[in-house]
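I have placed the structure first, in the form of structure tokens, so that the comments after it can refer back to it.
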Amino acid sequence: MASPAVVEISRWQFAVTAVFHMSFPALTVGLSLFLAVTYTLHLRTGNPLYLQIFRFWKKIFAVGFGLGVVAGTVMTFEFGLNWGRYAHAVGPILGVTIGMEVITAFFLEAGFIGIMLYGDGRVRPRTMALACWMLVVGTLLSTTWILSANSWMQDPAGFTEVDGQFRASNWWHVLFNPAFAYRYPHILLAVLISAAWFIGGIAAWYLVKRRALPFARRTLSIALGVLAILMPVQLYVGDATAGFMGAHQPAKLEAFEGNWKTDNNGYNLFVVPDTDKGENRFQVGIPHLGAVIGKDLSGQAHVPGLLQTPEDERPNMWAAFYGFRAMYFTALAMFAMAFAGLVLRLRGRLYTARRFLRLMVWMTPAGVLAISGGWITAEAGRQPWVVYGLIRTSDAVSHLSLGAAIASLTGFVALYALLLGLWIRYIVRTVRTGPEHLVTDAGTTAHSTEISHA
Amino acid sequence: MLEYASYALVLLALGAYVLLDGYDLGVGILSLFDRSDRRRKEYNELIATAWDANESWIVLAGVALWAGLPGVYATVLPGAYLPLVVMLLAIVLRGTAIELQSAAPGYRRGWGLVFGLASLVATVCQGLVAGAVLSGLRHSGQTFTGGTWDWLTPYGVLCALGLVAVYLLAGAAWLQDKTTGSAHAWAGRLGRPLILAVGAAGLVLGFGLRFADPQPLRFDQPLRAALFGLAVAVAVVCAGIAWYGFGRRPDWRPFAAVAGTEAAGLLALVAATAPVVVPPDLTVHAAAGPHGSQLFLLIGVGGCMPVVLAYNVYAWWVFRGKFSRPADVSVADVSVADGPAGTAAAVERPAAVAPAAGGGPWAVVVARRVLLTLLAVAVAAVSQDVFGGVRVWIGPAGVALFAVTALAVWIRSERRSAAAGEFDLRAADQ
Chain X
1 MASPAVVEIS RWQFAVTAVF HMSFPALTVG LSLFLAVTYT LHLRTGNPLY LQIFRFWKKI
61 FAVGFGLGVV AGTVMTFEFG LNWGRYAHAV GPILGVTIGM EVITAFFLEA GFIGIMLYGD
121 GRVRPRTMAL ACWMLVVGTL LSTTWILSAN SWMQDPAGFT EVDGQFRASN WWHVLFNPAF
181 AYRYPHILLA VLISAAWFIG GIAAWYLVKR RALPFARRTL SIALGVLAIL MPVQLYVGDA
241 TAGFMGAHQP AKLEAFEGNW KTDNNGYNLF VVPDTDKGEN RFQVGIPHLG AVIGKDLSGQ
301 AHVPGLLQTP EDERPNMWAA FYGFRAMYFT ALAMFAMAFA GLVLRLRGRL YTARRFLRLM
361 VWMTPAGVLA ISGGWITAEA GRQPWVVYGL IRTSDAVSHL SLGAAIASLT GFVALYALLL
421 GLWIRYIVRT VRTGPEHLVT DAGTTAHSTE ISHA
Chain A
455 MLEYASYALV LLALGAYVLL DGYDLGVGIL SLFDRSDRRR KEYNELIATA WDANESWIVL
515 AGVALWAGLP GVYATVLPGA YLPLVVMLLA IVLRGTAIEL QSAAPGYRRG WGLVFGLASL
575 VATVCQGLVA GAVLSGLRHS GQTFTGGTWD WLTPYGVLCA LGLVAVYLLA GAAWLQDKTT
635 GSAHAWAGRL GRPLILAVGA AGLVLGFGLR FADPQPLRFD QPLRAALFGL AVAVAVVCAG
695 IAWYGFGRRP DWRPFAAVAG TEAAGLLALV AATAPVVVPP DLTVHAAAGP HGSQLFLLIG
755 VGGCMPVVLA YNVYAWWVFR GKFSRPADVS VADVSVADGP AGTAAAVERP AAVAPAAGGG
815 PWAVVVARRV LLTLLAVAVA AVSQDVFGGV RVWIGPAGVA LFAVTALAVW IRSERRSAAA
875 GEFDLRAADQ
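Taken in order, these protein sequences are the chains called X and A. Final position of the first sequence in our numbering is 454; the numbers increase by one with none missing. Final position of the second sequence in our numbering is 884; the numbers increase by one with none missing.
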């Protein structure tokens with residue numbers, strides 16, 4: 001029916017819009033929690049430092065959240081725009097799940113963000129705090145529903161098929177499908193971790209520049225504290241998720257470990273796969289490590305290879321392998337940094353270790369990178385299926401002309417590249433301007449905004 | 455019967471969208487025609503508190519359509535592909551423009567222009583989509599099978615013009631409600647010509663539907679004819695109230711009346727076309743999803759709806775009345791003078807105290823670093839459950855131990871830092 005070119009273009013379009021969209025919730029879920037905590041601390045302690053932190057991060061949150069909302073609106077329509085036949089087949093299941101996300105989460109977020117951003121002086125501080133916490137509930141609910149929907153596509157359960165359309169036979173099994181149990185904690189930790197790097201990296205920049213020190217110390221301490229707790233947990237959950245996927249979608253694991261034949265006990269660091277010949281042109285790996293990671297301490301077990309999967313059911317190794325490496329190597333770097341932060345804390349040098357702090361600045365986008373890599377692994381590794389084992393991606397696409405598909409892809413790529421630039425510029429400018437100063441002149445209280453430290 | 459409830463849900467969401475984002479987009483288009491930067495910034499701020507919630511309704515409409523009437527969703531979205539994509543691009547740009555304008559200290563002309571133009575483009579595209587759906591889309595097996603340009607019809611162009619008029623009217627009514635001074639007076643003057651424009655559009659589109667719609671309109675059925683007549687009458691009465699209300703107190707009356715007109719207009723359209731959603735023959739019944747999904751959707755969404763409406767009304771209540779810049783909130787308990795010079799001075803001290811590389815003879819330093827690296831590798835290995843093959847409990851127990859240790863170290867260091875005044879805005883100044 002649809003030409004392979006339209007399928008390919010539509011896949012690119014979905015990939016670009018999905019990764020772009022995901023980079024915003026990757027920050028705003030954690031940021032909303034951070035904002036709610038700091039605002040509550042401000043109310044409880046009356047310490048102006050927390051108000052300073054709250055107001056500074058609110059500025060970045062506002063724009064990030066707005067971009068996330070509009071990019072998310074695109075996503076909800078894209079299911080039908082380019083993937084009309086998929087939409088028709090899974091609408092009775094995923095339409096309902098995402099409908100619940102909209103009604104429970106989007107509205108909650110949208111209803112309270114206005115109060116949180118512009119309510120200062122219009123509502124009581126306690127109402128502000130409530131708005132902040134409602135926003136947290138909204139973002140967490142949103143994460144829950146969307147992960148349920150996506151996990152159903154990874155490992156469908158609780159359905160029957162009637163005339164090519166899927167119907168729920170057991171909603172409990174649909175919503176809490178087996179993959180959800182692993183992937184939900186994994187992504188929840190991931191979004192909290194990536195927000196913590198974002199916050200911590202920017203705090204470290206202030207420490208490097210010796211500006212706004214109490215603000216920077218306080219934020220860095222919270223960020224690294226959260227990271228030191230969550231990083232080991234995330235490695236554990238991530239390992240369990242990979243194990244689960246290896247059992248339920250063997251082809252995905254075979255692809256992201258970068259082996260064709262099942263004769264390698266090493267761990268591949270770098271491969272150049274040749275899809276047609278079914279072998280790697282070039283590969284670099286650490287012997288025995290692959291087996292050890294697979295829980296065989298003797299280091300002899302072979303990591304499964306992609307040739308075990310029939311040729312027409314193989315995902316693209318490039319995308320799965322490098323998506324996974326981007327996530328995993330970044331995760332190891334994050335783990336090492338969190339560990340180093342803990343050691344520095346014990347030695348009382350956290351706020352003065354300049355080499356560490358400079359590295360921290362580089363880690364600012366680490367979480368977002370890791371999440372993007374993870375999603376690429378999850379989605380590209382599920383191919384050629386859009387709903388695993390049930391609908392092939394090539395059968396899911398709408399009746400579209402190649403020209404229309406290319407035009408919209410071009411539009412989205414151009415617009416999103418522009419927005420990414422604007423978003424980064426906005427962050428840089430806001431950070432350069434710095435947190436506002438809360439100044440008092442004998443008796444009268446006022447605050448001046450935007451004191452430049454030039 | 456359940457599919458009609460789903461259809462009603464879609465219509466409710468769509469109606470709420472047309473009403474709420476309608477004024478939103480209308481104000482955006484109107485901002486193009488205002489010369490004053492101060493007022494244009496004001497229009498942006500007026501929208502900034504609410505655009506997000508207003509836009510959620512179209513997402514709900516789309517998703518309710520997907521879940522409740524997947525056949526319509528899978529036909530309309532690919533069928534009106536290009537205008538929908540352009541609409542989404544415009545919505546993305548518009549949201550960005552609003553947020554960046556709002557975050558900027560002064561008025562940014564560029565973002566103001568983007569805000570206005572994107573509002574116009576989004577409106578026109580929505581009109582084109584509505585026209586395309588009403589003129590019918592080719593489909594088979596509940597998915598679209600027509601051509602790339604099928605959406606471009608004369609009736610669609612008329613719909614686009616009509617929708618611009620409707621949104622402008624809603625925008626003007628909203629401005630009368632929310633603003634004071636020159637913007638308020640301007641909105642009052644704009645109202646009546648816009649009502650005339652909307653009335654003309656209503657007549658043209660209403661009679662045009664007979665020719666555009668490939669299905670025969672069944673006005674010979676008495677119930678349908680009565681409902682249609684009643685809805686049109688209500689729309690006309692509301693338009694009359696709006697006509698009277700523009701430029702007069704109370705300021706909320708035109709918007710309430712315009713809302714009535716829009717709701718009645720939508721009902722008239724539904725009365726004329728139901729049960730067909732996409733002409734000529736895709737009916738509510740044919741496009742509906744299975745019973746279980748409809749039930750889940752209606753219970754879930756319907757159950758949440760009162761709560762959603764309640765806090766939306768509350769959010770609206772918080773920002774009720776005339777727009778005003780929020781007073782710069784002073785912080786009552788702030789008694790801090792944290793000057794830039796003082797800040798810089800305060801850093802030097804701890805920086806000078808801390809030894810450059812950790813101290814001790816180099817052999818000790820190296821040994822410590824090697825040990826720490828090995829420890830980190832061991833912790834990472836346990837966390838990744840490398841020893842899970844030996845004993846199942848090693849992984850979870852190890853991870854719990856690490857997390858508790860990290861928490862303990864964090865708390866201890868926080869206490870120390872707090873005692874040393876490292877978090878103190880005041881101490882930083884001294």
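No residue lacks a Cβ here, since even glycine has one placed at the ideal position from N, Cα and C. Please read these numbers as outputs of a predicted model, since none were measured by experiment.
Work out the CA separation of A/A627 and X/A110 for me, nearest whole Å.
23 Å
In this structure, how does DSSP classify A/L465 when only helix, strand and coil are distinguished?
helix
Whole-angstrom distance between A/V836 and A/W847, CA atom to CA atom
11 Å
Whose C-beta lies closer than 8 Å to the C-beta of X/P435 among residues of the same chain, with five residues either side of it excluded?
Taken in chain order, the residues that qualify are Q52, I53, R55, F56, A212 and F215.
Between the beta-carbon of X/V208 and the beta-carbon of X/L342, is there less than 9 Å?
no
So the candidates are X/G323, X/V19, X/F34 and X/S23; which of them puts its Cα closest to the Cα of X/G225?
X/F34
Pull out every residue of the region 761-774 of chain A whose Cβ sits closer than 8 Å to any Cβ of chain X, in chain order.
V762, Y765, N766, Y768, A769, V772 and F773
Specify, as a first and last residue, the run of the beta strand (DSSP E) that X/T160 falls within.
F159 to V162
Within 10 Å of its beta-carbon, does A/A704 have 16 or more other beta-carbons around it, so buried, or fewer, so exposed?
It should be pointed out that residue 704 of chain A corresponds to Pro in this sequence rather than to Ala. Result: exposed.
Could you tell me which residues DSSP pairs with X/P273 in its beta bridges?
X/N280
Given a cut-off of 9 Å on the beta-carbon distance, is the pair X/V368 and X/S3 in contact?
no
Determine the burial state of A/F665: buried for a count of at least 16 other Cβ atoms within 10 Å of its Cβ, exposed for fewer.
That one is exposed.
Which residues DSSP lists as bridging X/I391, in chain order
X/V387
Which residues share a DSSP beta bridge with A/L736?
A/V732
Can you tell me where the alpha helix (DSSP H) with X/F329 in it begins and where it stops?
M317 to L346
Against chain A, with Cβ distances strictly below 9 Å, would X/D296 count as a contact?
Yes, its Cβ sits closer than 9 Å to a Cβ of chain A.
Return the CA-CA distance between A/A874 and X/A196, expressed in angstroms with no decimal places.
Going from the Cα of A/A874 to the Cα of X/A196 covers about 24 Å.
Would you mind telling me which residues of chain X sit closer than 8 Å to A/D878, beta carbon to beta carbon, in chain order?
The answer, in chain order, is L49 and P214.
Straight-line CA distance for X/V162 to A/G757?
28 Å
Assign X/W172 to buried or exposed, taking buried as 16 or more other Cβ atoms, counted over all protein chains shown, within 10 Å of its Cβ.
exposed
Please name the residue or residues paired with X/Y267 in a DSSP beta bridge.
X/I286
Assess contact between the region 114-125 of chain X and the region 539-549 of chain A, defined as three or more Cβ pairs (one per stretch) separated by less than 8 Å. Is contact present?
no
Please return the same chain residues whose Cβ sits closer than 7 Å to the Cβ of A/I552, not counting the five positions on each side in sequence.
N498, I501, A502, W505 and F569
Can you grab the Cα-Cα spacing for the pair A/V807 / X/A340, in whole Å?
Because A/V807 sits at a pLDDT of 43, beneath the cut-off of 50, its placement in the model cannot be relied upon, and the following sentence gives the value as read from the coordinates. In a straight line, the C-alpha of A/V807 is about 20 Å away from that of X/A340.
Please go through the same chain and pick out, in chain order, the residues whose beta-carbon is closer than 8 Å to the beta-carbon of X/A353, but skip the five residues on each side of it.
L344
With DSSP as the reference, label X/M123 as helix, strand or coil.
Here residue 123 of chain X is Val; the residue named in the question, Met, does not match the sequence. In the three-state DSSP reduction, X/V123 falls in the strand class (E or B).
Among A/A654, A/L749, A/V738 and A/V530, whose alpha-carbon lies nearest the alpha-carbon of A/L591?
A/V530
Which class does X/A168 belong to by DSSP, given the choice of helix, strand or coil?
strand
Residues of chain A with CB under 7 Å from X/G119, in chain order?
Within 7 Å Cβ-Cβ: V772.
Run of the alpha helix (DSSP H) containing A/P744, from where it starts to where it stops:
Looking at the DSSP string, A/P744 is not in any alpha helix (DSSP H), and its letter there is neither H nor E.
At least one CB of chain X closer than 9 Å to the CB of A/D792: is that the case?
Low per-residue confidence applies at A/D792: pLDDT is 41, beneath 50, and the placement is therefore not dependable, though the value from the model is reported in the following sentence. By this cut-off, A/D792 is an interface position.
So for X/S401, helix, strand or coil by DSSP?
It is coil, neither helix nor strand.
Could you check whether A/Y561 and A/R492 sit closer than 9 Å to each other, using their CB atoms as the reference points?
yes
From A/M455 to X/V29, what does the alpha carbon distance come to, in whole angstroms?
39 Å
Out of X/S394, X/K58, X/G246 and X/Y388, which has the shortest C-alpha to C-alpha gap to X/L135?
X/K58
DSSP state of X/H302 mapped onto helix, strand, coil
coil
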